[in-house]
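> Following our numbering, the numbering of the sequence shown begins with 22 at its first residue and continues without gaps.
Just so it is clear, CB atoms sit at the ideal spot from N, CA and C, and this is done for glycine as well.
Remember, it's a predicted structure, so these values are computed and weren't measured experimentally.
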Amino acid sequence: MRLRFWTIFTLGSALVAGPTAPAQRPTWRLPIEVKTLPNGLTIVVSEDHALPTVGVSVVYRVGMRLEPKGRTGFAHLFEHMMFQGTPVAPKGVFDRVIQGGGGLNNGSTRYDFTNYIESAPISALEPILWLEADRLKALDFSPQNLKNQQEVVKEEIRVNVKNQPYGTFWLDLPGAAYSRWENNHDGYGSFEDLDHADLKDVQAFHSTYYTPSNAVLGIAGDVKPAEVFALVEKYFGGIPGKPKPALPDLKEPLNTTEIRQVRTDALARVPAVAVGWKMPARGSKDHAPAAVLSELLIGGDASRIYLGLVKGKELLLNASGGLNFPLGGAWDYDGQTLFSLFSLYKPNADADKVLAAIDEIIAAVASQGVPPAELERTKTKMLADFYAGLEIPMSRADALAKAQALWGNAAQLNEIPGLIEGVTVEDLKRVATTYLTHPNRTVIDYHTAAAKN
């Protein structure tokens with residue numbers, strides 16, 4: 022993630038009021054057209070003439086847990102390298118062309134993908150496609166660029182992680198919960214591995230993962246699919262195809278013994294607790310119920326944990342979390358993920374008291390279920406957020422590209438509302454009973470340095 026990228030510590034929003042009984046809601050289906058070029062590049066287009074703008078997303082199927090062993094943080098480092106120019110468009114040209122035309126761009130590295138996004142007036146589409154194709158072909162692999170970005174990434178780690186209270190929790194939790202290297206290593210990058218990267222490594226990474234067959238191009242907005250396909254063929258069609266890199270095995274069984282760790286955070290002023298449970302794989306029968314359950318438990322200020330432990334018992338100062346939190350949403354991961362919760366708790370409490378209170382809330386769902394009206398409100402909130410996230414062309418293009426890359430089918434986006442609607446009280450009880458258990462739980466208790474003394 023580049024330094025200007027948005028922060029990951031978002032506490033969520035208030036619950037949107039919904040009907041108190043199940044109702045037939047109107048559905049909105051995205052127009053989606055898909056084409057794959059002979060070199061393997063897949064293009065997903067969604068036509069929407071509401072505004073004279075376009076959103077573009079290029080998703081590469083490599084992320085923190087798909088990077089090669091011995092190169093921790095390499096997917097993240099390479100995201101930065103993609104903005105260092107090419108032999109044809111030197112450093113700075115990419116940003117100047119897009120931003121000079123009234124657009125914006127960014128990139129981010131996640132567990133299962135790296136994405137590059139742009140939003141601009143429709144007149145900028147062709148220059149954007151030219152720029153994206155250009156940096157897919159080749160980058161400016163120079164010692165100066167590599168050294169510069171190694172230092173930039175290290176500084177980002179210092180600023181965003183090491184010099185932030187509790188800044189490592191999102192690395193600590195999977196590091197403790199998982200056993201496979203792919204799932205538990207520091208995907209942000211160790212300084213040692215970053216410093217050992219050389220030009221040969223960078224070139225090999227680009228050649229392996231930044232290929233047409235390992236990419237999905239999403240375009241949404243004031244466009245016509247046939248015209249988009251022709252433009253993409255013009256700029257990307259001549260790039261040679263390569264075999265798609267093999268994906269590692271990410272599967273792990275649920276944990277059978279609770280994992281507990283205590284850490285001291287020198288920057289913290291109050292104690293905190295991070296909790297994670299291994300959850301079902303993307304697309305399994307328990308995926309949608311897990312997404313709804315996480316929304317019901319920790320999806321904002323009207324969730325059970327927030328109302329019960331922040332406003333109610335006042336054990337917690339805040340509470341945030343959810344399925345695939347904090348580096349993604351409930352639908353944009355592959356393999357397994359964690360249901361994570363992070364909370365600051367009051368100094369007159371302790372982790373055991375907090376965990377007991379969380380257990381009580383989970384046990385109530387597992388044994389008694391939830392009232393139909395509460396489930397309906399939760400679904401309404403999820404659907405409202407889901408549809409709102411698809412209105413902006415850049416967000417829609419990104420969602421389509423990620424769905425195609427991770428699910429193998431961009432049209433899966435149109436099925437998500439039905440998956441949410443289909444979740445029952447019995448589904449929530451089953452998922453709570455199966456996954457949110459003590460043996461499957463990982464807990465990291467963060468103490469302040471003052472408490473240690």
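So who's on the other strand from F363, going by DSSP bridges?
Residue numbering aside, residue 363 sits at position 342 when the sequence shown is read from its first letter. Its beta-bridge partners are A295, S341.
> Taking DSSP's pairing of strands, which residues face T63 in a bridge?
Position 42 of the sequence shown holds residue 63. Paired residues: T57, V237.
> On the three-pair Cβ rule with 8 Å, is the stretch 195–213 touching the stretch 90–103?
With the cut-off at 8 Å, the stretch 195–213 and the stretch 90–103 touch.
> Whose CA, out of A418, I441, V444, N435, lies closest to the CA of V63?
Taking the first residue of the sequence shown as 1, we reach residue 63 at position 42. Sequence inspection shows Thr at residue 63; the Val mentioned does not correspond to that position. Out of A418, I441, V444, N435, A418 has the C-alpha closest to the C-alpha of T63.
> Just to confirm the assignment, what range does the beta strand (DSSP E) spanning D219 have?
Position 198 of the sequence shown, counted from the start, is the residue given in the question as residue 219. Segment: none, D219 is in no beta strand (DSSP E) and carries neither H nor E.
> How long is the line joining the alpha carbons of G242 and W191, rounded to whole angstroms?
On the sequence shown, residue 242 is found 221 positions in, with the first residue counted as 1. On the sequence shown, residue 191 is found 170 positions in, with the first residue counted as 1. Going by the C-alpha atoms only, they are around 34 Å apart.
> What number of angstroms, rounded off, separates the C-alpha of S416 from the C-alpha of K423?
Here the question's residue 416 lines up with position 395 in the sequence shown. Here the question's residue 423 lines up with position 402 in the sequence shown. Their Cα atoms are separated by approximately 11 Å.
> DSSP three-state call for E68: helix, strand or coil?
Taking the sequence shown and counting its residues from 1, the one referred to as residue 68 is at position 47. Three-state result, E68: strand.
> In or out: T399 buried (at least 16 other Cβ within 10 Å) or exposed?
Stepping through the sequence shown from its first residue, residue 399 is reached at position 378. By the 10 Å Cβ count, T399 comes out buried.
> Figure out for me which residue from H217, V331, L328, G262 has the closest Cα to the Cα of G61.
Walking along the sequence shown from the start, residue 61 turns up at place 40. Closest option to G61, Cα to Cα, is G262.
> By the 10 Å Cβ neighbour count, where 16 or more other Cβ atoms means buried, how is Y408 classified, buried or exposed?
Here residue 408 corresponds to residue number 387 of the sequence shown, with the count starting at 1. Exposed.
> Where does R462 sit, in a helix, a strand or coil, going by DSSP?
Position 441 of the sequence shown, counting from 1, holds the residue named residue 462. Residue state, collapsed to three classes: strand.
> Could you name the residues that DSSP lists as bridge partners for R281?
Numbered from 1 along the sequence shown, position 260 holds the residue referred to as residue 281. Note: R281 sits in a beta bridge opposite V464.
> Could you tell me which residues DSSP puts in a beta bridge with V77?
Locating residue 77 in the sequence shown gives position 56, where the first residue counts as 1. The partner list for V77 (beta bridge, DSSP) reads E139, I240.
> Looking at the secondary structure, which residues open and close the alpha helix (DSSP H) in which L194 lies?
Taking the first residue of the sequence shown as 1, we reach residue 194 at position 173. L194 -> alpha helix (DSSP H) spans 190–198.
> Just grab the DSSP bridge partners of N126 for me.
By one-based count along the sequence shown, residue 126 stands at place 105. The partner list for N126 (beta bridge, DSSP) reads E139.
> In angstroms, rounded to a whole number, what distance separates the CA positions of Q282 and G76?
In the sequence shown, counting from the first residue as 1, residue 282 sits at position 261. In the sequence shown, counting from the first residue as 1, residue 76 sits at position 55. Each residue's alpha carbon lies about 43 Å from the other.
> So S315 is in the alpha helix (DSSP H); what residue range does that whole segment cover?
Here residue 315 refers to the residue found at position 294 when the sequence shown is read from its first residue. That run of the alpha helix (DSSP H) goes 308–319.
> Using the Cα positions of T358 and A377, report the straight-line distance between them to the nearest angstrom.
As a first step, residue 358 must be located in the sequence shown, where it is residue number 337. As a first step, residue 377 must be located in the sequence shown, where it is residue number 356. Using only the alpha carbons, I get a separation of about 24 Å.
> Are there three or more Cβ pairs, one per stretch, closer than 8 Å when the stretch 79–92 is compared with the stretch 225–234?
Counting Cβ pairs under 8 Å, three or more are found: they touch.
> How many angstroms separate the CA atom of T41 from the CA atom of S388?
On the sequence shown, residue 41 is found 20 positions in, with the first residue counted as 1. On the sequence shown, residue 388 is found 367 positions in, with the first residue counted as 1. Any reading at T41 must be qualified, since the residue scores a pLDDT of 39, below 50, and its modelled position is unreliable; no value is offered.
> Between the alpha carbons of L421 and L336, how many angstroms are there, rounded?
In the sequence shown, the residue the question calls residue 421 occupies position 400. In the sequence shown, the residue the question calls residue 336 occupies position 315. Approximately 40 Å, taken between the alpha carbons.
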